[in-house]
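K.L.:
Below you'll find the structure I mean.
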Amino acid sequence: GRQKLFPMDREQGAVLLLRRANRLAADALLSSVDGKDAALAREISDEVGGLPLALDQAGAYLEETGCGLDDYVTLLKQRFKELAERRGGVDADHLPVAATFLTSFEKLAKQNAAAAELLQAASFLAPDAIPEEIFNKGAAKFGPVLKAAAGDPLQWNDAIAAAMRFSLLERSPGQKVLAVHRMVQAVARSRMSAEESAQWAEQVVRAMNTVFPGVEFAVWDRCERLVPSAQICAALVDEYHLSLRGAARLLNNAGHYLYQRARYAEAEPLMRRAVDIFEGSNGPDHPNVATSLNNLALLLQATNRLSEAEPLYRRALVIWKKAHGPDHPKVARGLNNLASLLQATNRGGEAEPLMRRALVIDRHSYGPDHPDVAQDLSNLASLLYSTNGPGEAEPLMRRALVISEKSLGQDHPTVAIRLNNLAQLLQATNRLGEAEPLMRRVVQIFETAYGLEHPQVAVSLDNLAQLLQATNRLDEAEPLMRRALAIDERAYGPDHPDVAMSLSTLAELLRATNRLNEAEPLMRRAVDIFEGSNGPDHPNVAKSLNNLAQLLQATNRLSEAEPLMRRALAIDERSYGPDHPDVAIDLNNLAGLLRDTNRLDEAEPLCHRALGIWEKALGPEHPQVATGLNNVAMLLKATNRLGEAEPLYRRALAIFETSLGRDHPSTVTVRGNFGVLLLELRRDEEADKL
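My numbering puts the sequence shown at residues 351 to 1040.
As structure tokens, this is what we get:
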């Protein structure tokens, strides 16, 4: 975009010009200058449209060359005409400014050829902050003059000083970055033939490729410095039809970095271009093509285009197997990525053997303590947890965490992911006190590593908020949920499953605090998003239908709620099989609704079935089992079987007191229910003790 240039009035302009040219003392007024010179200074100010940058630059020229003001006016008018005739990429508004730059540029080229070449190269980079390392580390990719200067610190400083004397360049000494005005870039490029432009563009792209690192968390700050110029290089690749392998590598790495920073819209065009160039220059079966396909597929999966991602993962896997053999770590990576997509599309049975195979390959290739082995363990644990419950998953998660902390350090984002998975498992198995410090550490690592606006931060805030809600600290939880939702909407737009997740957690909290009419539109929006993005038969749809149904039940719209609950149950039974804890939740919810509509004989078998699933899946002391016991006991009491209800209430109360504490809302509720039963059984003394 064009920089906005604010003009000065002609008096101020004349003063700025003469002070910069060292022909007027800092505290002196224009009236102290010879009348003819003052008039010429005003004329130059008018000629360049009163633009401070151009005046500063004209003053630098006058000081540097000792040229007279009248000669300078003549020069400016001639150059103006010349520039107007061959206006290469220079805006008509800015022609006078361009003329002042051109005179200086040509003077500079005579004084210091390397400085002029530096400006020519810089005219193909992001103007506001050009890292000097592009030239110093990429020196070999430039022509002999610039290469020699960029490789020698003394010559390099001389070239920069020469350009700075003419105000054509600025340098931030601490940060080793250069800044060039867009107008200087336009003027430098306007002097080049088409052939020269293409040569410079190619040299700059090659140098950028040399300097841009392979992407990992440790070099993010370097990538961030370089990425604006890498994005300019992407435009050069198209403009000059550069089909260099180096260009493809640069675009792939820059795209992958932007993907890791959740800047998906910026990443995608670079990644697609990289795939095209690799295919064109290496042929369709080269490992480079597989790497770039895999990276693009990761982005498509992150932005919820799963059906587009899958064939790319499969093609990358085929290429790697053919190129490296079936037991190569690259193949393990491909298996893992494909498996994670199969898991996301609810094909866990297909995913598990791929994950186990990847684990075998990586252990064999790297030994047992490598970060890739930790990744494999973690993926397998999350799959096992979602299909078989926590028993098998927990030791794998703990092992993955130990490996990651040891190999990557305590504050690495990958360590946060391991901590988060373990904390979720601890929460699900009711070890809330153990889970909370882990979750707080997760938020802290992500905020430090990714900045406050990254989607990973949103996930970690939501998880912490749900834990706070489970321990009844709703006023602490709500602002975290709202912040997470805002981050996700900014990162993904309004229709992404992660936005639906954030809507669901916030809506659940609003329901818990009895703000039902605030909660309902959020829940309906979540259902719509999940159906639109995951299809009508996905477990996420079941969860959101359940939430909405419970809200409808709370506002006494039972006939609207029941079909939603039955649909949720059918989806989960199809997805997970009949004995999964999520199926038990569906059965339990539906039973509660049937009880409210006085169909107790329909409700009872569902309650018993839910209780049986929980005991088998979660163990006899789990709070979810206590919930099941309480619900069966309520039904028995409602059908006047008080003696059968009593031992169930007693056992439910004991589980809640042990696991959640005496003052937890669930414990208090069951204690109340049990007390009422004892009163009905005329055991008033026992009831009082409660």
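Every residue, glycine too, gets a C-beta built ideally from N, C-alpha and C.
Note that the structure is predicted; figures quoted are calculated from it, not measured.
1) Within the 8 Å Cβ cut-off, does PRO997 reach chain B?
2) Using CA coordinates, which residue listed in ALA548, GLY942, MET558, GLU629 is at the minimum distance from ILE480?
3) For the alpha helix (DSSP H) containing ALA464, name the first residue and the last one.
4) Tell me whether ASP421 is buried or exposed, calling it buried when 16 or more other Cβ atoms sit within 10 Å of its Cβ.
5) Going by beta carbon distance, what residues of the same chain come within less than 6 Å of ASP406, once the five residues before and after it are set aside?
6) Measure the Cβ-Cβ separation of ALA666 and ALA640 and say whether it is below 8 Å.
7) Quick one: give me the first and last residue of the beta strand (DSSP E) that ALA529 is part of.
8) With LEU458 and ALA512 assumed to form a contact (beta carbons below 8 Å), what rounded beta-carbon distance in angstroms separates them?
9) Determine the DSSP secondary structure at ARG437, reduced to helix, strand or coil.
10) Less than 8 Å between C-beta atoms, sequence neighbours within five positions excluded: which residues of the same chain meet that for LEU746?
11) CB-CB under 7 Å to ALA869, same chain, minus the five flanking residues each way: which ones, in chain order?
12) Does GLU826 pass the burial test, meaning 16 or more other C-beta atoms within 10 Å, or should it be called exposed?
13) With 16 other CB atoms within 10 Å as the buried threshold, where does GLY596 fall?
14) Spell out the partners DSSP gives ILE480 in its beta bridges.
15) Give the straight-line distance between the Cα atoms of VAL495 and SER540, rounded to the nearest whole angstrom.
16) Three-state secondary structure (DSSP) at GLU566?
17) Identify whether ARG521 lies in helix, strand or coil by the three-state DSSP scheme.
18) Please state whether DSSP places PHE485 in a helix, a strand or coil.
19) For the alpha helix (DSSP H) containing MET915, list its first residue and its last residue.
20) Assuming LEU998 contacts ALA988 under a Cβ cut-off of 8 Å, what Cβ separation, rounded to an integer in Å, is found between them?
21) For ALA465, collect the residues of the same chain with a Cβ closer than 6 Å to its Cβ; drop the 5 residues on either side in sequence, then sort them by chain order.
22) Distance, Cα to Cα, ALA476 vs SER579?
23) Enumerated in chain order, which unbroken segments of the beta strand (DSSP E) with a length of 3 residues or greater are wholly contained in the segment 797-840?
24) Going straight from the alpha carbon of VAL975 to that of THR863, what length do you get?
25) Quick test of your reading: ALA1002 and ASN980, contact by CB under 8 Å. State the CB separation rounded to the nearest angstrom.
26) Does the distance from the CB of LEU1010 to the CB of GLY1025 come in under 8 Å?
27) Please list, in chain order, all residues of the same chain as SER757 whose beta carbon is under 6 Å from its beta carbon, the five residues on each side excluded.
28) For ALA743, which residues of its own chain have a beta-carbon under 6 Å away from its beta-carbon, when the five flanking residues on both sides are left out?
29) Can you tell me the Cα-Cα spacing of PHE474 and ALA585, whole angstroms?
30) Does the Cβ of ASN372 have 16 or more other Cβ atoms within 10 Å, making it buried, or fewer, making it exposed?
P.N.:
To lay it out plainly:
1) The structure shown contains no chain B; it is built from a single protein chain.
2) If we check each option's Cα against that of ILE480, MET558 comes out closest.
3) Segment 463-472, the alpha helix (DSSP H) holding ALA464.
4) ASP421 is exposed by the Cβ-count criterion.
5) Here the set comprises ARG370, SER517.
6) Yes. Within cutoff.
7) 527-529 is the span of the beta strand (DSSP E), which, as asked, contains ALA529.
8) Confirmed, Cβ separation roughly 6 Å.
9) Note that ARG437 scores 47 on pLDDT, short of 50, meaning its location in the model is unreliable; the coordinates nonetheless yield the value given after this. ARG437 falls in the coil class under three-state DSSP.
10) By the criterion of a C-beta distance shorter than 8 Å, LEU746 is surrounded in its chain by LEU727, SER728, LEU730, ALA731, LEU734, once the five residues flanking it on both sides are discounted.
11) For ALA869, where only same-chain residues beyond five positions count, the Cβ hits under 7 Å are ALA857, LEU860, ARG861, LEU901.
12) Classification of GLU826: exposed, given that the 10 Å Cβ count is below 16.
13) Counting Cβ neighbours within 10 Å, GLY596 comes out buried, since at least 16 surround it.
14) Looking at the DSSP assignment, ILE480 forms a beta bridge with LEU528.
15) So the two alpha carbons sit approximately 21 Å from each other.
16) When secondary structure is reduced to three states using DSSP, GLU566 falls in the coil class, being assigned neither helix nor strand.
17) ARG521 falls in the strand class under three-state DSSP.
18) In the three-state scheme derived from DSSP, where H, G and I count as helix and E and B as strand, PHE485 is classed as helix.
19) DSSP places MET915 in the uninterrupted alpha helix (DSSP H) bounded by 908-926.
20) Actually they do not touch by this definition, with Cβ atoms about 13 Å apart.
21) Only LEU458, ALA509, ALA512, ALA513 meet the Cβ criterion.
22) If you draw a straight line from the Cα of ALA476 to the Cα of SER579, it is about 5 Å long.
23) The qualifying runs do not exist here; there are none.
24) Their backbone Cα atoms lie some 25 Å apart in a straight line.
25) About 5 Å separates the beta carbon of ALA1002 from that of ASN980, a gap short enough to meet the 8 Å contact definition.
26) By the CB criterion at 8 Å, LEU1010 and GLY1025 fall outside the cutoff.
27) If we look at SER757 and ignore the five residues flanking it on each side, its Cβ neighbours are PRO721.
28) The answer, listed in chain order, is ALA731, LEU734, TYR735.
29) Separation of PHE474 and ALA585 (C-alpha to C-alpha, rounded to the nearest whole angstrom) is 10 Å.
30) With a 10 Å radius around the Cβ and a threshold of 16 neighbouring Cβ atoms, ASN372 comes out exposed.
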